[in-house]
Amino acid sequence: NLKLINGYEDGSFKPRNLITRAEASVVFYNFMYVEGKIK
Numbered sequence: 023n024l025k026l027i028n029g030y031e032d033g034s035f036k037p038r039n040l041i042t043r044a045e046a047s048v049v050f051y052n053f054m055y056v057e058g059k060i061k
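Numbered by the working numbering, the letters in the sequence shown go through residues 23 to 61 in order.
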C-alpha cells in the first residue's frame with residue numbers, strides 16, 4: 023500500500039469525485055517521492 027491517495031480529512035474516500043489541480047499535484051508529488059525521484 024503506497025498511500026498515494028489518502029482520501030479526505032474526515033476519513034472518507036470518494037473515487038467518483040473530480041479532483042482539483044492541487045489534489046492532483048499532491049498525488050503526482052507522492053508518486054515521484056515513492057519512486058525516489060524527489061527527496
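All C-beta atoms in this analysis are idealised placements derived from N, C-alpha and C, irrespective of residue type, glycine included.
Would DSSP call residue i helix, strand or coil?
i     : result
TYR30 : coil
ARG43 : helix
PHE50 : helix
Taking residue i as the reference, which of the options has the closest Cα?
i     : options                : result
LEU24 : LYS61, ILE60 and VAL56 : VAL56
PRO37 : GLY29, VAL48 and PHE53 : GLY29
Could you tell me how far apart the beta carbons of residue i and residue j are, in whole angstroms, since I believe they sit closer than 8 Å?
i     : j     : result
TYR51 : ILE60 : 7 Å
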